[in-house]
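As you go down the protein sequences, you meet chains A and B in turn.
Each step along the first sequence adds one to the number in this note's numbering, with nothing skipped, and position 478 is 497.
Each step along the second sequence adds one to the number in this note's numbering, with nothing skipped, and position 11 is 30.
Every residue, glycine too, gets a C-beta built ideally from N, C-alpha and C.
For reference, the structure is listed below as C-alpha cells.
Number of protein chains: 2
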Amino acid sequence: MASETQAGPAGAALPLPPMKWDAWGDPALAKELSADIKGLLAAALGVTGDATPGPAADEVVLHPSRIAADDLKALAAAVGETNVSAADADRLPRAGGKSTPDLLRRRSRDPQDAPDAVVLPGDEQEIAAVLALCAERRIAVVPFGGGTSVVGGLDPERGGLTAVISLDLRRLDRLHDLDETSGEAVLGAGLTGPAAEALLAERGYELGHYPQSFRYATLGGFAATRSSGQDSAGHGRFDEMVRGLRVVTPAGVLDLGRAPASAAGPDLRELFLGSEGTLGVITAVRLRVHPLPAVKAYEAWSLPDFATGSAALRAVEQAGTGPTVIRLSDEAETMVNLATTEQIGGAPAITGCLAVTVFEGTAEQVATRHRLTRDTLLAAGATSVGEAPARAWEHGRFNAPYLRDSLLSAGALCETLETATSWSRLPQLRTAVTEALTTALPGALVLCHISHVYPTGASLYFTVVAALGEDPLTRWAAAKRAAGDAIVTAGGTITHHHAVGADHRPWMSDEIGELGVRILRAVKAELDPAGILNPGKLIP
Amino acid sequence: MASETQAGPAGAALPLPPMKWDAWGDPALAKELSADIKGLLAAALGVTGDATPGPAADEVVLHPSRIAADDLKALAAAVGETNVSAADADRLPRAGGKSTPDLLRRRSRDPQDAPDAVVLPGDEQEIAAVLALCAERRIAVVPFGGGTSVVGGLDPERGGLTAVISLDLRRLDRLHDLDETSGEAVLGAGLTGPAAEALLAERGYELGHYPQSFRYATLGGFAATRSSGQDSAGHGRFDEMVRGLRVVTPAGVLDLGRAPASAAGPDLRELFLGSEGTLGVITAVRLRVHPLPAVKAYEAWSLPDFATGSAALRAVEQAGTGPTVIRLSDEAETMVNLATTEQIGGAPAITGCLAVTVFEGTAEQVATRHRLTRDTLLAAGATSVGEAPARAWEHGRFNAPYLRDSLLSAGALCETLETATSWSRLPQLRTAVTEALTTALPGALVLCHISHVYPTGASLYFTVVAALGEDPLTRWAAAKRAAGDAIVTAGGTITHHHAVGADHRPWMSDEIGELGVRILRAVKAELDPAGILNPGKLIP
C-alpha cells in the first residue's frame, strides 16, 4: 500500500511499515479539520488554538540501541544482512503502536524508547533461528505486523533481558493455497488486509474482514489480537474465520486445526488467537473465504433513542435476518455525524440515533436478508432514512482514526475504548463507562456506538474528545483507569476487539481470574521458557 | 428420566445412573430385531444364532474395591454419608461407558474393573473438598455425567494412585438463571438433556442440543466432550452454545466467559470445552438459548449418489439457507433404512441416497429457510420424497444405539466412528476409512452419513456391522486402529463429536502435534499437580 509513498524517517535501511511513524496511516489521506469541526471544538470544549507541533522525524531522539554488535551479526546470519538494521530510521517507525498516548509520546522531544534492532525474517526457518538465538542471548522479541496496536501491544519492553528487537513479519506475504471447494485460503501472516483481499479477489474470493485498521494491519495481527471487523454480523469475527494456523515458538512449531470442527480435546487454536505475540509467532493462517458478493444493498435508519435502537439490533440478530453490517450510533455520535466522517461536525443528517445496515451476497440472498431485516427494524421502531447515510458510512469506514491526528494537532485529545456484554447488561455498562469518563475528564464529549452484535449481547465502542490541556498522558491514564474499572464492575469484558497489550493488562486478573492467569503463565513457561516473547504484554 | 424404572443391580445405596448397566439407555425402549433385520444379518453377514447371553447384574464379578476405610470416611465427611458408596451395586453402573467394547466387557463373566467408590457431591464446595482430599490421599477422580461415553472416557483408571472414585454429578441439576433478554441460561452440569429442556420449556425456551445421547447425557458431559447435536446446522455445536462455564480444579475455581465475544487474550473456555474431566470438573454452563420454535417443517430428498448429495449439502451450507437439520445417508445406509430406524432392514424407501431436512423458527423464518434450501437442493440434483422419511428420521432420532444392544445379543458386532475434514478432502477420507474397515473386518457392512456441515467441511459418521465371531474385542481393536490411522493419514480429525477418552488418545500427537500435547500437559500440571483427574484419558 502506502509504504513506498509515505514520508518516513530518512536513512532507513529496511522497507518502512505502512503507517507514518507519528500518525495513523498514510499522511496523504489525512484531512484538515473543517470549519464545522473547529466550531464544534471551540463551542463544546473550548479548544481554539493549535497544539505545539511535534518534532520532525530527524529531530526525534531515541535512546541508543543496546543491541550488542555480536548479536546483530548473529541476527544478520539468521535472516540475511539486508534484513537487519539497528538504524534509528528503522527503529523509530516500530517504536510503538497508534494509541493517542503512543502518538503523544512520538511527538515528544524527550528521548524515546524504541526496539534496539529491527529484523525481517523471510520464512519459518528464519523465525525459528531468530527465536533460538534470542533465547540463548536473552533478547526480547516483539512481533510486528502493521503497527496498528492501540493498546501498547508493540511497546519495546526488554522484560529484564539485554535488548529488544522488532520482528517485522512483512515478508510473509504469500497466498499459499486457495481451496475453492472448501472455501479455505492459506495466507501468510504478514499480508495486510488490502494485500490479502487483492490476492483473493484475483480468484473471485473475499475474506470480508474490515476492521478500522484494515488498510495497514496484517492477518497475523488480526489473529494474534482477536480482531473483529465491521462486517462481523455477516462474516464473523476474525477468530471465527480461522480454520487453522501455524505458530513458531521457541519450543517448536505448531500446526493446528485439522478440521472445520473437532471433539479432539481442547481447541488449541483458541490459545494462539489472542496470544498477542507472547506465546509464539503466527506465520500463516488458514481462513474461511467466500465468493465476492454479486450484489450489495444499503439502508440507513433513524431510531428515536439508543434503548430503542439497541433493542432493534437485538431483534435483528436474534432473528438471524442476516445483515452483513449493522451498527447503531448513540444520540451524541449521531449529532456530530461521527459515523459518516465526511460530514463530521456539520448539521446533523438525522434526528435520534443513526443505524446503518449493509447486505451482501447473491441477488436473492440480498433481497431476502434486506426484506427480513427491514421488517424487523420497522417493527422495532426504526424509520428508514434511505441509502445515502449508509453509503456515506461505508465511504468513510476507515477514516475516523485520521481525524484523531488532526484533532491532536488542533489541541484536542481524542481516544477510543470498547467493551462487550450481554444484552441485558448493556444499558448499565454504557452508563457506568460514560460516567467514569466524564467524571475523570470533566467537560469531555463521550460518544458511543454498537458495531458488533451477537445473539446474546453486543459491543459498546466509546469515543472521547476533550481539550488536550496540561499533561494529557496522565489525565488520559486516569480516565482509562476509571473506565476499565467501571467496565469490570459492570460485568463487561475489558476489550471486545482492541486486545490487551500493555494497556489492559492490569485488568486481566479480573477478566479470567488469578487461576486463568496462572494457566497462561504455565503455557508461556512451556513454549517460551526464556521469556523472550513480547514481555509486558497480555499476561500479568 | 429412566433412573427410577430401570432394572439396575440390586442393593444400590445411591440413585442409579439413567442408563442400564450393560446396555444403552432404558431397556423398556429396546426392541426385538425384526424378521427383516434378522434376514439381512443372515444374508449379508452369515449371522444366524443368538450370542451367549451375558451375566445378570448380580452374577457380575467386580474386582474388590481398593478404597481405604479411612478414605471412604473422609469422602463421606465431605459430601454426606448418604452420598458415598463402595457397594458393587453402585460401582457396576459406573464401570465404564457404552461403546461396543464396553458392552462386551460388561457381558464378561471374568472379574471386571470398576471405580472403587462412587461419590455424589451436591455443590462446588463439596467438589472442591473432594478434590482436595483426593489430591492429598492420592485417589483418582473420574467425573461422571450420564455415562454415555463411547470412547472409554469413563474407564476407572487409577493412574498409579491408590484408588479411583466415580464423581457422579447428577445432583448439580438446577436452572440457576434464565436471562430472556440476552437469551442466556445458567444450568447445572448434572442436568440431562431432557431435564434441561424441560426446565427451559417451562419458560418458553429451548437449548436445541440433540445428540444421539440426548436422553441420558448431561450438560457437563456435552461441554467436556465438545458434543455436537443433530440440529447443529441450525443451533451449532454445544461448544458454540457455551457463553460461560464454571470449573472446579484442584488449584481453584475458574469462572470464564464475561462477554459474548472478547479480545482479552486466549479464550480459556476453549481449554475446558473438550477437557474430558482431565483439567477440572465443570459445574455449571451459561448457554445460548432461544424461544421454542413456533413452526417446524420437514422434507426428505433422494440424491442419485453420495458425491452429488455431498455437493448439495455443501451448496446449502455455503449459501447459508438455514436448515435446522440437514443430513445425508450414503447408498448403503439408505438401502438398509438406518436413518429411519423403524424401517431398518425393510424394503428401501427410496433409491440413491436419502437426505433429510428439518426447518424450525417462526412461520416466516421456516417458510424462507425451507424455500431457499429447497431451491438450492433442487438445483444441486435432489428430488423431493416428501415429508414422511424426514418425520420418520426424527421419530427414531435417538434410537439407533438401542439397535446395537439387540444386534450384539443376536451375534452381530455393531460399532460407529466419526471424523470430519474439509469438503475437498471428504471423498478421499470416506474411501480411506471404508477401505481400512473392510480390510480389517472382511465382509463387514460399512455405512456412512454426513450429519454435521460447516461452510468449509463436514463430518463423516461410519457404522460398521460384522459377525461377532471369535474374540470380537481384539478384532474390533485392530479395525479401530486401522480406521484411526487412515483418518489421520487422509487429513481428518480423529473425532468430530465422540471425544478422545482412552480410545482416541493414541492419535492425539497426530492431531495436535507433540508440542500441542506438551501444552496440555503443562496446563494439567498447573491445575492438577497430583494428577488425580481422569487418568489415562485425552492427554498422552
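Below 9 Å between beta carbons is the criterion; list the residues of the region 520-539 of chain A that meet it against any residue of chain B, in chain order. His-523, Trp-526, Met-527, Asp-529, Glu-530, Ile-531, Gly-532, Glu-533, Leu-534, Gly-535, Arg-537, Ile-538, Leu-539
Cut-off 7 Å between Cβ atoms - residues of its own chain near Gly-202 (chain A), not counting five sequence neighbours on either side: Arg-307, Val-308, His-309
Return the residues of the region 101-134 of chain A that lie within a Cβ-Cβ distance of less than 9 Å from chain B, sorted by chain order. none
Counting only the same chain and skipping the five closest in sequence on each side, list residues whose C-beta sits under 7 Å from that of Arg-262 (chain B). Glu-203, Gly-276, Pro-279, Arg-305, Leu-306, Arg-307
According to DSSP, is Glu-176 (chain A) part of a helix, a strand, or is it coil? coil
Continuous alpha helix (DSSP H) stretch holding Thr-435 (chain A): start and end: No alpha helix (DSSP H) contains Thr-435 (chain A), which is instead part of the beta strand (DSSP E) from 431-441.
Which residue from B:Thr-327, B:Pro-312, B:Ala-208, B:Asp-274 puts its Cα closest to that of Phe-257 (chain B)? B:Ala-208
Who are the near neighbours of His-608 (chain B) in its chain, counting only those whose CB is closer than 6 Å to its CB and skipping five residues on each side? One cannot answer for residue 608 (chain B) here, as it falls past the ends of chain B, which runs 20 to 559.
Using only the alpha-carbon positions, how far apart do Leu-91 (chain A) and Glu-155 (chain A) sit? 14 Å
By DSSP, does Glu-199 (chain B) sit in helix, in strand, or in coil? coil
So for Phe-241 (chain A), helix, strand or coil by DSSP? helix
Along chain A, in chain order, which residues have C-beta atoms closer than 8 Å to that of Ala-398 (chain B)? The premise fails here: Ala-398 (chain B) is roughly 12 Å from chain A at the closest Cβ pair, so nothing lies under 8 Å.
Asp-424 (chain A): which of A:Leu-487, A:Ala-477, A:Gly-555 sits nearest, CA to CA? A:Leu-487
Taking all protein chains shown into account, decide if Gln-144 (chain B) is buried (16 or more other Cβ within 10 angstroms of its Cβ) or exposed. exposed
Considering only the beta carbon of each residue, do Pro-269 (chain B) and Ile-538 (chain B) sit closer than 8 Å? no
Just to confirm the assignment, what range does the alpha helix (DSSP H) spanning Val-385 (chain B) have? 382-398
Taking CB distances under 8 Å as the criterion, tell me whether Tyr-480 (chain A) reaches chain B. no
Identify which residue in B:Ala-105, B:Ala-398, B:Leu-546 has its Cα closest to the Cα of Pro-83 (chain B). B:Ala-105
Indicate the three-state DSSP secondary structure (helix, strand or coil) for Val-138 (chain A) in the structure shown. strand
Contact criterion: CB-CB distance below 8 Å. Does Trp-442 (chain B) meet it with respect to chain A? yes
Which residues share a DSSP beta bridge with Asp-274 (chain B)? B:Arg-265
Going by Cα to Cα distance, which pick from B:Asp-529, B:Gly-240, B:Leu-347, B:Leu-52 is closest to Leu-332 (chain B)? B:Leu-347
Assuming Pro-554 (chain A) contacts Ala-159 (chain A) under a Cβ cut-off of 8 Å, what Cβ separation, rounded to an integer in Å, is found between them? 5 Å
Checking 8 Å against the spacing of the C-beta atoms, do Ser-443 (chain B) and Thr-200 (chain A) come in under that value? yes
Would the region 130-146 of chain A count as touching the region 504-516 of chain A if we require 3 or more Cβ pairs under 8 Å? no
Does chain B have any CB closer than 8 Å to the CB of Leu-35 (chain A)? no
Three-state class that DSSP yields for Gly-253 (chain B) in the structure shown: helix
Assign Tyr-317 (chain A) to one of three DSSP states: helix, strand, or coil. strand
Note down, in chain order, each residue of its chain lying with its Cβ closer than 7 Å to the Cβ of Arg-540 (chain A), except the 5 sequence neighbours on either side. Ile-558
According to DSSP, simplified to helix, strand and coil, what is Ala-21 (chain B)? Its pLDDT being 34, under 50, Ala-21 (chain B) is placed unreliably by the model, and nothing is read from it.
Taking Cβ positions only, does Arg-265 (chain B) come closer than 8 Å to chain A? no
In terms of residues, what are the limits of the beta strand (DSSP E) holding Pro-162 (chain A)? 158-163
Going by alpha carbons, who is nearest to Asp-121 (chain A) out of A:Asn-102, A:Glu-100, A:Asp-77, A:Ser-168? A:Ser-168
Judging by CA-CA distance, which residue of A:His-468, A:Leu-436, A:Phe-241, A:Asp-547 is the nearest neighbour of Ser-118 (chain A)? A:Leu-436
Nearest chain A C-beta to Arg-307 (chain B) closer than 8 Å, yes or no? yes
What does His-516 (chain B) touch in chain A if you count any residue whose Cβ is under 9 Å from its own? Ala-280, Ser-281, Ala-282
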